[in-house]
Structures are given as C-alpha cells and as structure tokens.
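K.L.:
Chains as they are written, first to last, in our numbering: chain A, 6 to 216; chain B, 0 to 250.
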C-alpha cells in the first residue's frame, strides 16, 4: 500500500501542476498543447501504463486488506468508542472506493473521449505546427454543469481526507518514524494535501464561475 | 467516603460458541474501590443470590501483570489513559452512571467465558522468537556489556509491555502489531538480542499473521489505549527490521 501510495502521491503533483494551465487566460492554448504532449510522448505513455497498474494494485490490495481486517475484528463495542484513531484512518477503504468511483467518471469524461473517440474538435495555434484536440473546451463545457462541479468537489474532498491519513501512514509502514522527522512528515503531508486538493478544487470552480 | 449507585450492563457469555448478551445489574460502590473491587462486590451479591458470578481475569491488581482485560464504555481498560482496569478507581465515575463492560473483541481472542478471553496467541508469538537463545550461565557482571543509555531506555520502554492485549482490543483491524513490535524491539535493540534479530522478526510477524490478527493500517488507536503507553514508533521499527530481514541476508 505504501509504495504504490507514494507513487500516486508523486503522480498527483505532476497532474495538479500540469492542469493548473486550465486556469491560464489564453483560450486553452497552453493546456491543449500540454495535453497533446502528455498523450503522445512515448516516455509518458510508458509511465502512464505504470500509473494505471499502480492505481489498480493500490485498489485491489486496499480492498483485500479491508476485507481481511474486517474478518480479524471480533465485532463492534456496544457503547462508546476507542481513543486515538481518526475517522479517516478507520475509513480508508470507504474513501478509496469513493475516489475510485470518481476516477471512473473522471476518466470517462476526458481521457476516454480524448484517447478513443473523435468527439473533440481539432484546433491549431500559431507557432505550433500540429493540430491538437481541444480538450480545454470539453473541460469548460463539463464544468458549466453544477452537478459535475459538485461531483468533482466531493471527489477532491474524499481524496484530501484519504491523503491526510495516507501520506504519513506510508512513511510509518516503510519504517520511517523518528522523533524529529515524523512531525515534519506530518506537516508536509498537510501542506501537500492542502496544495494538491486546493489546486484541484479551484479548477472546476474557476470554470463554473469565471469562464 | 462517598458511595454511588451504578447500573452495570455487563457481557455474559457461557463459552466461545455461545452468542452472549448484556445483563443489567445495579451495584453499590464507593469511590475508593478499584473497578475490579466493584466487580468483586457485584459477584459477592450474585453468589449470595445463588447466581453464577461474572468471570473476569485479574492477578496482581497493581497494574504490572497484564491479566485484567475488559472494555469499559468502549475503551480497553476504561477511560483513564496509561492505566489498567485494576488501577482504575471508582472516583472516576459518578452516582447514577451506566457502565458498559465487555470483553476484548478480536477474532484471535476467543471468549472463554463472560469477560475472559483466550490470549494464548500472544504466548505463541513469543514462542516463535520472543526470546534470546544464548546460554547465559550465571548472573553476568552488570557492566560487562556496555550499552548506551539511549538504547537501554528505548529497549526498556518497549519492555514495559505487559502483554494485556488492549492494543488488539482497540485496533479497528484486530491487529497485534504493537504487542509484536514491543517484544521484538525490547530484545532486538540490545546487543544480547541483536544477534538473532532477523530470524526473530520474521518468525514473530509470521506467527502474528497465522494467529488471525489483522494487518496494521496505522490508526494509532493501540498507542492511545495502551496502559503502558507503548509508542507506535516500535511498529515503525518492526516494519524497518522486517523489510531489512526480508530483503537482506546474513550470508
């Protein structure tokens, strides 16, 4: 869980920072050219296969772990609750399933349309030789629907709660715990979560309200 | 000395195959009693009424043996941090309180009767490797093997584990990683135990899994409920040692 989790944590940095170009005011030029580069570059194609594998590995291992742990627990206590454990730490599987469901919607919306259909219009930009798919407009259209924006915000919120526990948990599992470094890992986890999830949350809101 | 009247909802179960249920009793206690003494009063009353007393484990009653084991209002060893049930006094409750008393719940801890659970799985984890197999001979000279104070302290902190099983009872996964990690750390940190550390760590973790305990997902409920306040840093250490001994080799 920890190794695949750390890979996904690293992926989110790339994904979020690249997608910040959705906020740029150039009518989608930089984002569309970036999207074309990401889907055509052979190295990125290889890495993306690794990404899909890791998402599936992380999901299946997580589900298997949750089932195994549910069996090991002898039942709930009738009254009161134990100290120490956060809601997030006890509900990682539920959050993971929510995130996975969101991911299916998210990829169906953009990735499938870009990769496997001709639904997107082609655009050319001065200074860039090849025509590229206009994914920017598709994103803009999708985020005009209030329910899409709400689904995205729920997805990002589930991701944030998952990361708050998951980030530091990955280090603990790998045996990285230290009286000096562990508090730092915790703080970095919070900063990371706020930046990444805040960044993702801004995108649908920006397109809904300002575009 | 103030007296109080309490309503106990206490778990009654004849054996592992029985489904078990809560039974309600009222009991009069005073604030100076320990929780176990309050249960003694309850049992005396039950015996006088020719009823079967509630079975619960206890031994030293001074917080060092790890025999007492019950969940009070959803918390292993009760509401007080860093304390076993026998050291929990009734002054932490008030007159008229309803108290829910249950056994430690985990698949690997089968209920023997009422509040008594079978914790022999812990013994088997120890038997799998929680010992030092050198012939020590007579009592060695205290300073024959110099050990850094920091290392000795870390080892002693881990050795404070009394093996009561509260970590398992608290864990939403029914995992005994804190217990296993404390035992492994206690021995593996010292030069006498370090020699066979790799083999010990592998054997203890495998026995832990074999006993049907869950896998650690770092909720840290164990650390919060441990009567000896064993730190989850020990689990990280065990993870580190386990990785190292899985990947490395002594040859």
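We put the beta carbon where it would ideally sit given N, CA and C, even for glycine.
1) Along the alpha helix (DSSP H) that carries residue 138/A, what are the first and last residues, could you check?
2) Does chain A have any CB closer than 9 angstroms to the CB of residue 119/B?
3) Please report the distance separating the alpha-carbon of residue 219/B from that of residue 15/A.
4) Residue 129/B and residue 170/B look like a contact to me (Cβ under 8 angstroms); what is the Cβ gap, rounded to whole Å?
5) With 7 angstroms as the limit, tell me which residues of the stretch 155-176 of chain A have their beta carbon closer than that to any beta carbon of chain B; keep them in chain order.
6) Around the Cβ of residue 184/A, are there at least 16 other Cβ atoms within 10 angstroms (buried) or fewer (exposed)?
7) Considering only the beta carbon of each residue, do residue 123/A and residue 143/A sit closer than 9 angstroms?
8) I'd like to know whether the C-beta atoms of residue 237/B and residue 179/B end up nearer to each other than 9 angstroms.
9) I'd like the list of long-range same chain contacts for residue 191/A, defined as Cβ closer than 6 angstroms, with 5 residues on each side in sequence excluded.
10) Answer with buried or exposed for residue 50/B, where buried requires no fewer than 16 other C-beta atoms within 10 angstroms of its C-beta.
11) Whose C-beta lies closer than 7 angstroms to the C-beta of residue 173/B among residues of the same chain, with five residues either side of it excluded?
12) Within 9 angstroms (strictly less), CB to CB, does residue 9/A reach chain B?
13) If you drop the 5 nearest sequence neighbours on each side, which residues of the same chain put their C-beta closer than 7 angstroms to that of residue 257/B?
14) Does the beta carbon of residue 124/B sit closer than 9 angstroms to a beta carbon anywhere in chain A?
15) Determine, for residue 63/A, whether the minimum Cβ-Cβ distance to residues of chain B falls below 9 angstroms.
16) Please check if any C-beta of chain B sits within less than 9 angstroms of the C-beta of residue 73/A.
17) Among residues of its own chain, excluding the 5 on either side of residue 29/A, which ones have a beta-carbon nearer than 7 angstroms to its beta-carbon?
18) Using a Cβ-Cβ cutoff of 9 angstroms, what residues of the stretch 186-216 of chain B are near chain A? List them in chain order.
19) Candidates 96/B, 117/B and 92/B: which alpha carbon is nearest residue 67/B's?
20) Could you work out which residue in 229/B, 61/B, 241/B and 231/B is closest to residue 199/B when comparing CA atoms only?
21) Need the endpoints of the beta strand (DSSP E) that residue 101/B sits in, please.
22) For a cutoff of 9 angstroms on Cβ pairs, would you count residue 219/B as touching chain A?
23) What residue range is occupied by the uninterrupted alpha helix (DSSP H) comprising residue 118/A?
24) Rounded to whole angstroms, what's the CA-CA distance from residue 62/A to residue 166/A? Just pull it up for me.
25) How many Å lie between residue 45/B and residue 72/B at the Cα?
26) Report the residue from 87/A, 67/A, 188/A and 65/A whose alpha carbon sits nearest the alpha carbon of residue 223/B.
27) Which complete beta strand (DSSP E) runs does the stretch 39-74 of chain B hold, if anything under 3 residues is left out?
28) Within this structure, are the beta carbons of residue 137/A and residue 146/A separated by less than 9 angstroms?
29) Buried or exposed, going by whether 16 or more other CB atoms sit within 10 Å of the CB of residue 98/A?
30) Taking all protein chains shown into account, decide if residue 2/B is buried (16 or more other Cβ within 10 angstroms of its Cβ) or exposed.
31) For residue 101/B, tell me which candidate among 246/B, 239/B and 21/B has the shortest Cα-Cα distance.
32) Go ahead and pull the three-state DSSP assignment for residue 2/B.
33) Quick check: is the beta carbon of residue 236/B nearer than 9 angstroms to any beta carbon in chain A?
34) So, are the CB atoms of residue 143/B and residue 160/B less than 9 angstroms apart?
35) With three or more C-beta pairs closer than 8 angstroms as the rule, is the stretch 201-209 of chain B touching the stretch 53-63 of chain B?
36) What's the gap between the Cα of residue 48/B and the Cα of residue 176/B?
P.N.:
Reading from the atomic positions:
1) Your numbering for residue 138/A matches position 133 in the first chain. Here residue 138/A belongs to no alpha helix (DSSP H); instead the beta strand (DSSP E) covers 133-138.
2) By 1-based counting over the second chain, the position of residue 119/B is 120. Not one chain A Cβ lies under 9 angstroms of residue 119/B.
3) The count along the second chain starts at 1 and reaches residue 219/B at position 220. The count along the first chain starts at 1 and reaches residue 15/A at position 10. Computed Cα separation, rounded: 25 angstroms.
4) The count along the second chain starts at 1 and reaches residue 129/B at position 130. The count along the second chain starts at 1 and reaches residue 170/B at position 171. Between residue 170/B and residue 129/B the Cβ distance is about 19 angstroms, and since that is not below 8 angstroms, they are no contact.
5) 174
6) The sequence position of residue 184/A within the first chain is 179, counting from 1. Result: exposed.
7) For this step, residue 123/A is matched to residue 118 along the first chain. For this step, residue 143/A is matched to residue 138 along the first chain. No, the Cβ-Cβ distance between residue 123/A and residue 143/A is not below 9 angstroms.
8) Reading the second chain from its first residue, position 238 is the one you call residue 237/B. Reading the second chain from its first residue, position 180 is the one you call residue 179/B. A contact, by the Cβ cut-off of 9 angstroms.
9) Mapped onto the first chain, residue 191/A falls at position 186. Only 173 meet the Cβ criterion.
10) Position 51 of the second chain, counted from the start, is the residue given in the question as residue 50/B. Per the 10 Å Cβ criterion, exposed.
11) Here residue 173/B is taken as the residue at index 174 of the second chain, counted from 1. Correct list, in chain order: 105, 106, 107, 167, 212 and 213.
12) Taking the first chain and counting its residues from 1, the one referred to as residue 9/A is at position 4. Cβ-Cβ to chain B under 9 angstroms: no for residue 9/A.
13) This structure gives no information on residue 257/B, because the portion of chain B shown stretches from 0 to 250.
14) Against the second chain, residue 124/B aligns to sequence position 125. Not one chain A Cβ lies under 9 angstroms of residue 124/B.
15) Translated into the one-based positions of the first chain, residue 63/A becomes position 58. No - not a single Cβ of chain B is within 9 angstroms of the one on residue 63/A.
16) Counting from one through the first chain, the residue named residue 73/A turns up at place 68. Yes, residue 73/A counts as interfacial toward chain B.
17) Position 24 of the first chain, counted from the start, is the residue given in the question as residue 29/A. Once the five neighbours on either side are set aside, the close Cβ partners of residue 29/A are 35 and 36.
18) 211, 212, 213, 214, 215 and 216
19) Translated into the one-based positions of the second chain, residue 67/B becomes position 68. Considering only alpha carbons, the answer is 117/B.
20) What you label residue 199/B is simply residue 200 of the second chain in a count that begins at 1. Measuring from the Cα of residue 199/B, the nearest candidate turns out to be 241/B.
21) For this step, residue 101/B is matched to residue 102 along the second chain. Note, residue 101/B: beta strand (DSSP E), 97-101.
22) Here residue 219/B is taken as the residue at index 220 of the second chain, counted from 1. At least one chain A Cβ lies under 9 angstroms of residue 219/B.
23) In the first chain, counting from the first residue as 1, residue 118/A sits at position 113. Where residue 118/A is concerned, the enclosing alpha helix (DSSP H) stretches over 117-121.
24) Position 57 of the first chain, counted from the start, is the residue given in the question as residue 62/A. Position 161 of the first chain, counted from the start, is the residue given in the question as residue 166/A. Distance between the alpha carbons of residue 62/A and residue 166/A: 20 angstroms.
25) Working through the second chain from its first residue, we reach residue 45/B at position 46. Working through the second chain from its first residue, we reach residue 72/B at position 73. The straight-line gap from Cα to Cα measures roughly 22 angstroms.
26) Start at 1 with the first residue of the second chain, and residue 223/B comes out as number 224. Residue 87/A is the option with its Cα nearest to residue 223/B.
27) none
28) Locating residue 137/A in the first chain gives position 132, where the first residue counts as 1. Locating residue 146/A in the first chain gives position 141, where the first residue counts as 1. Contact flag unset, no.
29) Counted from its first residue, the first chain places residue 98/A at position 93. By the 10 Å Cβ count, residue 98/A comes out buried.
30) Against the second chain, residue 2/B aligns to sequence position 3. Label assigned to residue 2/B: exposed.
31) Taking the first residue of the second chain as position 1, residue 101/B is located at position 102. With distances taken between Cα atoms, residue 101/B lies closest to 21/B.
32) Within the second chain, the letter at position 3 stands for residue 2/B. In the structure shown, residue 2/B sits in a strand (DSSP, three-state: E or B).
33) Locating residue 236/B in the second chain gives position 237, counting from the first residue. At least one chain A Cβ lies under 9 angstroms of residue 236/B.
34) On the second chain, position 144 is the one that residue 143/B refers to. On the second chain, position 161 is the one that residue 160/B refers to. Taking 9 angstroms as the Cβ cut-off, residue 143/B and residue 160/B do not qualify as a contacting pair.
35) no
36) Taking the second chain and counting its residues from 1, one reaches residue 48/B at position 49. Taking the second chain and counting its residues from 1, one reaches residue 176/B at position 177. Cα to Cα, residue 48/B sits roughly 43 angstroms from residue 176/B.
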